[in-house]
Amino acid sequence: MDRENNNRNSCRTQLMHGLLAGRTPIGERVWDMKCLIDWAIVNLEIDQSRIAMTGNSGGGTITLFSAACDTRINIAIPGCYFSTFRGSIGAIRHCDCNYVPGILRLGEMYDVAGLIAPRPFKAIAGRYDDIFPIGCVKYAYSRLREIYKIAEAGEACQLYIGNGGHRYYKDGAWPFLANYFK
Numbered sequence: 092m093d094r095e096n097n098n099r100n101s102c103r104t105q106l107m108h109g110l111l112a113g114r115t116p117i118g119e120r121v122w123d124m125k126c127l128i129d130w131a132i133v134n135l136e137i138d139q140s141r142i143a144m145t146g147n148s149g150g151g152t153i154t155l156f157s158a159a160c161d162t163r164i165n166i167a168i169p170g171c172y173f174s175t176f177r178g179s180i181g182a183i184r185h186c187d188c189n190y191v192p193g194i195l196r197l198g199e200m201y202d203v204a205g206l207i208a209p210r211p212f213k214a215i216a217g218r219y220d221d222i223f224p225i226g227c228v229k230y231a232y233s234r235l236r237e238i239y240k241i242a243e244a245g246e247a248c249q250l251y252i253g254n255g256g257h258r259y260y261k262d263g264a265w266p267f268l269a270n271y272f273k
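In my numbering, the protein residues as written are 92 to 273.
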């Protein structure tokens, strides 16, 4: 439908439709993940202590927010998303689906990620990512580490910086996941 209507930004359409109903794309995607986990628990033979989530960019967004809202997600590894709202989506043009109205009245991105503590969290970032600047990533990580230390889980919070741009760095994710899922 987007191509038929020459719509090159379907996220904006999704955002506008959601806002009319009092919802956001992030909220709807987090709900989808919750429903997927509900379904998997009922229909698949899974170990509920081994539910992990990772994704890059928009997948990193949904990883962070889903794990903050659903404690059944035991490990969160967002790729090329974790930063500050002010230094990334608040300062640099991003896809419209990244926005939650009024979120800065509640806290910064590291505060949202702090809801994941004490569960394992590893942010994956690209040193040269031009939409999630590494300085903002490092600052947000330093604030999140403080939250994890208060939760007595400092070792469970890590940052991997890949030597490239906005892409997924599997070498930062898989060893971390394997360590917890021995």
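All C-beta atoms in this analysis are idealised placements derived from N, C-alpha and C, irrespective of residue type, glycine included.
Worksheet item: Does the region 258-270 come within contact of the region 230-246, defined as at least 3 CB pairs closer than 8 Å?
Response: no
Discussion item. Closest to I153 by C-alpha separation, out of S174, G217, V121 and L127, would be which residue?
Written reply: V121
Fill in: CA nearest to the CA of N189, picked from Y271, A158 and T115
T115
Worksheet item: Taking DSSP as the reference, what is the three-state secondary structure of N263?
Response: Sequence check: residue 263 is Gly here, not Asn. Note: G263 maps to helix in three-state DSSP.
Worksheet entry | Through-space distance from P192 to T104, alpha-carbon basis | 16 Å
Fill in: Alpha-carbon to alpha-carbon, C102 and K117
One point to set straight first is that residue 117 is Ile, not Lys, in the sequence displayed. Rounded to whole angstroms, I117 to C102 spans 11 Å at the Cα level.
Item to complete: Could you name the residues that DSSP lists as bridge partners for L155?
Response: DSSP output for L155 lists no bridge partner at all.
Item to complete: Could you say which of G109, I238 and R258 lies nearest to S148 if we only look at CA atoms?
Response: R258
Discussion item. Using the three-state DSSP reduction, which class does L197 fall into: helix, strand or coil?
Written reply: helix
Fill in: Short Cβ contact (7 Å threshold) for I183 with I222
yes
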